[in-house]
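Read through the structure below, which is laid out as structure tokens, and then see the notes.
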Amino acid sequence: MNWQKIGVIFIFLLMALGGIGGVMLTGYTILIRA
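The opening residue of the sequence shown carries number 1 in our numbering; numbering runs sequentially from there.
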């Protein structure tokens, strides 16, 4: 397996999880302040 391919996939998954977590966190704070 190619290390570059593994690294790109890992970073992509990390960014996707971070994005989803950020969206959930923003929605959660908006719900609390509403």
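Glycine included, every Cβ here is placed at the ideal spot set by N, Cα and C.
Small disclaimer: the values here were computed from a predicted structure and weren't measured.
Ala-34 sits in coil when the DSSP states are folded into three classes, being neither helix nor strand.
Inter-residue distance for Asn-2 and Met-15 is about 20 Å (C-alpha atoms, whole angstroms).
Here Met-24 carries a helix assignment [DSSP, helix/strand/coil].
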